[in-house]
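Participant:
There are 2 protein chains.
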Amino acid sequence: MSDSVPDIVIGRLPLYLRALARLEQDGVPITSSHELGAQLGISSAQIRKDLSHFGEFGKQGTGYQVPYLREQLARILCVDRDWTVAVIGAGHLGRALAGYKGFGPRGFHVDVIFDNDPDIIGTQIGGLVVKPGESMVEELRARRIEIAMIAVPAAAAQSVTDRVVAGGVRAILNYAPIRLVVPDYVHVQDIDPVIHLQHMTYYLRT
Amino acid sequence: MSDSVPDIVIGRLPLYLRALARLEQDGVPITSSHELGAQLGISSAQIRKDLSHFGEFGKQGTGYQVPYLREQLARILCVDRDWTVAVIGAGHLGRALAGYKGFGPRGFHVDVIFDNDPDIIGTQIGGLVVKPGESMVEELRARRIEIAMIAVPAAAAQSVTDRVVAGGVRAILNYAPIRLVVPDYVHVQDIDPVIHLQHMTYYLRT
DNA sequence: TAGATTGTTAATCGATTAACAATC
DNA sequence: TAGATTGTTAATCGATTAACAATC
Numbered sequence: 001m002s003d004s005v006p007d008i009v010i011g012r013l014p015l016y017l018r019a020l021a022r023l024e025q026d027g028v029p030i031t032s033s034h035e036l037g038a039q040l041g042i043s044s045a046q047i048r049k050d051l052s053h054f055g056e057f058g059k060q061g062t063g064y065q066v067p068y069l070r071e072q073l074a075r076i077l078c079v080d081r082d083w084t085v086a087v088i089g090a091g092h093l094g095r096a097l098a099g100y101k102g103f104g105p106r107g108f109h110v111d112v113i114f115d116n117d118p119d120i121i122g123t124q125i126g127g128l129v130v131k132p133g134e135s136m137v138e139e140l141r142a143r144r145i146e147i148a149m150i151a152v153p154a155a156a157a158q159s160v161t162d163r164v165v166a167g168g169v170r171a172i173l174n175y176a177p178i179r180l181v182v183p184d185y186v187h188v189q190d191i192d193p194v195i196h197l198q199h200m201t202y203y204l205r206t
Numbered sequence: 207m208s209d210s211v212p213d214i215v216i217g218r219l220p221l222y223l224r225a226l227a228r229l230e231q232d233g234v235p236i237t238s239s240h241e242l243g244a245q246l247g248i249s250s251a252q253i254r255k256d257l258s259h260f261g262e263f264g265k266q267g268t269g270y271q272v273p274y275l276r277e278q279l280a281r282i283l284c285v286d287r288d289w290t291v292a293v294i295g296a297g298h299l300g301r302a303l304a305g306y307k308g309f310g311p312r313g314f315h316v317d318v319i320f321d322n323d324p325d326i327i328g329t330q331i332g333g334l335v336v337k338p339g340e341s342m343v344e345e346l347r348a349r350r351i352e353i354a355m356i357a358v359p360a361a362a363a364q365s366v367t368d369r370v371v372a373g374g375v376r377a378i379l380n381y382a383p384i385r386l387v388v389p390d391y392v393h394v395q396d397i398d399p400v401i402h403l404q405h406m407t408y409y410l411r412t
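Line by line, the protein sequences are chains G and W. Under the numbering used here, the first residue of the first sequence carries the number 1, and numbering increases by one thereafter. Under the numbering used here, the first residue of the second sequence carries the number 207, and numbering increases by one thereafter.
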């Protein structure tokens, strides 16, 4: 039932959760692996297989209770609680992240934002006062923050990373276009829009 | 040598390209599949296998000429030219995208930005005047834009998608947290930070 | 030459899919 | 009951890795 679930399976669970949240919002009480699969472009067999790593959540002949399965997935992903996150870098991107409306409803709250620019430190962004980079380690520790979003230029990203790790962060969403070096226990996910664009331009040759 | 290269291989090429651009900037003239692999956390065998889909780019005993391999990958990915892109939505995120310094050096140029809010239409963002959504189809056609970045709320994303497709767009970078429905010939890549965060929170249970 | 690294083949590994008994 | 859908096993498919001849 669970001796280390493949990471590729874990990576699909948030997609299932997102689809279920939407179904629940639409007032759909019950769904099936076929319906979910059609919505996500994934085979029904794969959805059932993925879920089977964690237990049995459906009923033969009927399908899945939407709220129940959503709850269970949230529990499995550890998002049946709220998380506070830090934003590092208060440029365009950092500001967009600090002001993004999509985090709160899904359980993530930007609690603090840092920058090094004296002209930016002390200014307000979406209700938060920008703090100086020097205070990062102590602030992160004091707030027990475990998740950071890094939105600084590539040249600064590794040194910033070292400091958020020193501050106790164990998960990093990295927007800088470089590969970060971190201890084994720290998780990193990268978002580089150019990587995605270049993936698509391959197919744009006519 | 090439009867339809797996998409998973195509997805890695931009990472190779990024690493090579960095090596070139650092003045490194020659590299090897081992060095590249170490830098990317990928096996050297995989890099050689991936490249072999497109031809022979190295020399036994020596490795790869960095500038040459970079050029070849750029050509394969069709980024040996510049691309103009449109940003749809001039909220926090749209503004961050329009102002992002990381696009230009890698061959992508935001040429136009749209919004529906009368208070925002006509204002300037990074040298661009925000255009009204109604003009989207004709503007995209007039500019022959083939790539759009969608940065509107989930509720508006599908209708906006229908219009960029009507405007001739063939590749969409979608920041809205929903699955877009598009014709077969249109490519979509999704960026939803919450999906990445939830992927990591799974591992944050202690 | 001796050492290194490519490109490629074959072996391995793991993920996806098909199929179906169980059962609601 | 008849129809539907789950959870799971076995088969298939595809991707990764190991190994090595070729050769710089």
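Just so you know, even glycine gets a beta-carbon here, dropped at the ideal spot from N, CA and C.
Select from the segment 374 to 386 of chain W all residues with a C-beta closer than 7 Å to any C-beta belonging to chain G, and list them in chain order.
Facilitator: Under the 7 Å Cβ criterion, the segment 374 to 386 of chain W contributes R376, A377, L379, P383 and R385.
Participant: Could you list the residues in the segment 329 to 362 of chain W with a C-beta less than 7 Å from some C-beta on chain G, going in chain order?
Facilitator: Per Cβ criterion, the list reads E352 and I353.
Participant: Going by Cα to Cα distance, which pick from F54/G, A156/G and A38/G is closest to D115/G?
Facilitator: Indexing the first sequence from 1 puts residue 115/G at position 115. Cα-wise, what sits closest to D115/G is A156/G.
Participant: Given that a residue counts as buried once 16 or more other Cβ atoms are within 10 Å of its Cβ, and exposed if not, what is L197/G?
Facilitator: Translated into positions along the first sequence, residue 197/G becomes position 197. Counting Cβ neighbours within 10 Å, L197/G comes out buried, since at least 16 surround it.
Participant: Where does V129/G sit, in a helix, a strand or coil, going by DSSP?
Facilitator: Within the first sequence, the letter at position 129 stands for residue 129/G. Three-state result, V129/G: strand.
Participant: Measuring only between beta-carbons, confirm whether Y270/W sits less than 8 Å from chain G.
Facilitator: The residue labelled residue 270/W in the question sits at position 64 within the second sequence. By this cut-off, Y270/W is not an interface position.
Participant: Looking at chain W, which residues of the segment 93 to 121 of chain G have a Cβ within less than 9 Å of any of its Cβ atoms?
Facilitator: From the segment 93 to 121 of chain G, only L93, G94, R95, A96, L97, A98, G99, Y100, K101, G102, F103, R106, G107 and F108 have a Cβ closer than 9 Å to chain W.
Participant: Count the other C-beta atoms from every protein chain shown that fall within 10 angstroms of the C-beta of G55/G, then say buried if there are 16 or more, exposed otherwise.
Facilitator: As a working note, residue 55/G is residue 55 in the first sequence. Under this definition G55/G is an exposed residue.
Participant: How would you write the range of the beta strand (DSSP E) that A86/G sits in, first residue to last?
Facilitator: If you number the first sequence from 1, residue 86/G lands on position 86. From DSSP, the beta strand (DSSP E) with A86/G extends over W83 to I88.
Participant: Just to check my reading of the structure: S238/W and Y270/W have Cβ atoms closer than 8 Å, yes? What is that Cβ distance to the nearest angstrom?
Facilitator: Locating residue 238/W in the second sequence gives position 32, counting from the first residue. Locating residue 270/W in the second sequence gives position 64, counting from the first residue. Right, their Cβ atoms sit about 7 Å apart.
Participant: Since H405/W is in the alpha helix (DSSP H), which residue starts that stretch and which ends it?
Facilitator: Mapped onto the second sequence, residue 405/W falls at position 199. Note, H405/W: alpha helix (DSSP H), P399 to T407.
Participant: Following the continuous alpha helix (DSSP H) through L266/W, name the residue where it begins and the one where it ends.
Facilitator: The residue you call residue 266/W lines up with position 60 of the second sequence. The sequence shown places Gln at residue 266/W, rather than the Leu named in the question. Run containing Q266/W: none; DSSP gives neither H nor E here.
Participant: Taking only the alpha-carbon atoms, compute the straight-line gap between Y408/W and T161/G and give it to the nearest angstrom.
Facilitator: Here the question's residue 408/W lines up with position 202 in the second sequence. Here the question's residue 161/G lines up with position 161 in the first sequence. Using only the alpha carbons, I get a separation of about 21 Å.
Participant: Check the Cβ of G11/G against every Cβ in chain W and list those closer than 7 Å, keeping chain order.
Facilitator: Residue 11/G sits at position 11 when you count from the first residue of the first sequence. Neighbours of G11/G on chain W, chain order: H405.
Participant: Is I401/W close to the ligand MG? I mean its beta-carbon at under 7 Å from any heavy atom of the ligand.
Facilitator: Here there are no bound small molecules, and the ligand MG is not part of this structure.
Participant: So V318/W packs on A292/W, CB below 8 Å; how close in whole Å?
Facilitator: Position 112 of the second sequence, counted from the start, is the residue given in the question as residue 318/W. Position 86 of the second sequence, counted from the start, is the residue given in the question as residue 292/W. About 5 Å separates the two Cβ atoms, so the contact holds.
Participant: According to the Cβ coordinates, are V316/W and L346/W closer than 8 Å?
Facilitator: As a working note, residue 316/W is residue 110 in the second sequence. As a working note, residue 346/W is residue 140 in the second sequence. No, they are not a contact pair.
Participant: Would you list the one or two residues that DSSP bridges to Q149/G?
Facilitator: Against the first sequence, residue 149/G aligns to sequence position 149. First, the amino acid is wrong: residue 149/G is Met here, not Gln. In DSSP, M149/G forms a bridge with V87/G and L173/G.
Participant: In whole angstroms, what separates the C-alpha of D256/W from that of E241/W?
Facilitator: The residue given as residue 256/W occupies position 50 in the second sequence. The residue given as residue 241/W occupies position 35 in the second sequence. Looking at the two C-alpha atoms, the distance is approximately 15 Å.
Participant: Could you check whether the Cβ of M207/W sits closer than 8 Å to any Cβ belonging to chain G?
Facilitator: Numbered from its first residue, the second sequence carries residue 207/W at position 1. Low per-residue confidence applies at M207/W: pLDDT is 43, beneath 50, and the placement is therefore not dependable enough to give any value.
Participant: Run through chain G and tell me which residues come within less than 8 Å of Q395/W, C-beta to C-beta.
Facilitator: On the second sequence, position 189 is the one that residue 395/W refers to. Within chain G, the residues near Q395/W are H196, L197, H199 and M200.
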